[in-house]
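For the sequence shown, numbering that gives the first Met the number 0 gives the first residue as 0, with consecutive numbering after it. Step one of this worksheet: look at the structure below.
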Amino acid sequence: MENQSLIALFEAYLTEEKRVSRHTVVAYKTDLNQFVAYLSGLNLVVTEVKAQDLRGWIMSLAKEGLAHRSINRKMAALRIFYAFLEKKGRIATRPTDALKSLKGKKRLPVFFQEKELLAYLDQCLFPVHFARLRDQLILELLYGTGIRLAELIALCQTDINLAEGTIQVVGKRDKARIIPFPRPLDQLIAVYLAQKEKLGYHCTPQLILTDSGQPSYPMFIYRVVKKYLAPTTRASQHSPHILRHTFATHLLDRGADLQAIKELLGHASLAATQVYTHNSLTRLKEIFQKAHPRAEEK
C-alpha cells in the first residue's frame, strides 16, 4: 500500500504542480508500477531501495529483451520519482544517482518521401462526408503544421484563425505557439466545419471528433493515419508522429532555417531539432554520389 500511495502522490505532483502532460504522467505511472511489481518479489518498498536493487531491475529488463532506449526511459521515470521523494523528505539520498544510462544506437527519424506523400494527398479525393473530410483534415494538419498528436486532439475551433491562416496550439508545459497552415486548408476546414454544424456537433469545442461526435483520442488518430498511409507509402512506420518528422524534414530539405523549424515544432532546445539535419545530410550524400562525376565508384 505504501508503494501505491507514494505513486499516487507523485502523480498528483506531476499533474498539479509540474503540469506535465497526461500522456507523460500515464507513461511514468506505468513504468513505476512495473518497478513496484519487481520490488514486491523482493519484499521491498520504494523508500528502501538501494542502487543494487535498481541495477537488478535493469538487468531483468535487459534479459527480457527490452531495447536500451525503453530501459533508459524507465530509468528517467525513476530518477524523477526519487527526486520527488527526496524533495518531500521521504528519503535521505537518491539511489538513482549511481545509475548511468545505457548506450544505444541513435535512430534517425522516419519520414515519408516528399513526392510520394504529396502525390497521394493531391490525388486522393475525399467526398463531402463528415468522416472522410475529418480524416483528410487529420492528415493535412499533421503534415501541414507538424503539430503533436496531443496538440491535434486538444485543438479547438476557436484556435483556428482562417483570416490569418494560423492555428494556436498549446504544447508541452502549457507553452502556446502560433503556427501558419498551408492556404489550401482554408476551404477544407470551412467545409468540414459546415458538416460538423450540420450534424449538430458544433457544440463540442474540439475540432477533431469521432463519427459519433465525441472528442478524438490517440488510438483513433493512429488508426486514421495508418488506414490511409500504410497502403500507399513505403515508410516502415505509419504513426501520426511520422508526419511531424516529415514536416520538419521537408522544410529543412527546402532550405528552411533550423531555428524557425524549432519554433514551429515547439522544441525547448535546438538540440532536439538538429536530429533532422542528419536526414537531410544523408539525402545530400545520396544526391552527390549519384550526380558528381568524381563520386562514381571505380
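Yeah, the Cβ is synthetic: ideal placement off N, Cα and C, and Gly gets one too.
Only exposed fits His128, as fewer than 16 other CB atoms lie within 10 angstroms of its CB. Around the C-beta of Thr157, fewer than 16 other C-beta atoms lie within 10 Å, and the residue is accordingly described as exposed. Ser238 is positioned such that its CB atom lies no closer than 8 Å to that of Val223. The residue among Glu196, Ile90, Ala153 and Ile70 with its C-alpha nearest the C-alpha of Ala26 is Ile70. A distance of 8 Å or more separates the beta carbons of Leu228 and Ala247. When DSSP states are grouped into helix, strand and coil, Ile207 belongs to the coil group. The alpha-carbon of Asn160 is positioned some 30 Å away from that of Glu15. According to the DSSP secondary-structure assignment, Thr165 is paired through a beta bridge with Asn160 and Pro179.
Along the stretch 93-154, the alpha helix (DSSP H) occurs as fully enclosed runs of 4 or more residues at 113-122, 129-144 and 148-153, listed in sequence order.
The C-alpha of Ile166 lies about 15 Å from the C-alpha of Leu138. Residues of the same chain with a CB within less than 6 Å of the CB of Asp30, apart from the 5 flanking positions on each side, are Lys73 and Ala76 in chain order. Contact annotation: the stretch 132-149 touches the stretch 201-209, with at least three C-beta pairs closer than 8 Å. According to the DSSP secondary-structure assignment, Pro214 is paired through a beta bridge with Leu208. Between Val48 and Leu132, the C-beta gap is not smaller than 8 Å, which leaves the two residues out of contact.
Following the DSSP letters along the chain, one finds Gln51 inside the alpha helix (DSSP H) bounded by residues Ala50 to Lys62.
Boundaries of the alpha helix (DSSP H) harbouring His240: Pro239 to Asp252, taken from the DSSP string. Under the three-state reduction of DSSP, Leu198 is assigned to coil, being neither helix nor strand.
For His266, the secondary structure class from DSSP, reduced to helix, strand or coil, is coil. DSSP places Lys17 in no alpha helix (DSSP H); its state is neither H nor E. Sorting Leu53, Ala61 and Leu269 by C-alpha distance to the C-alpha of Lys102 places Ala61 at the top. For Val169 and Leu41, the gap between their C-alpha atoms comes out near 43 Å.
With contacts defined by Cβ atoms closer than 8 Å, Arg78 and Thr46 do not form a contacting pair.
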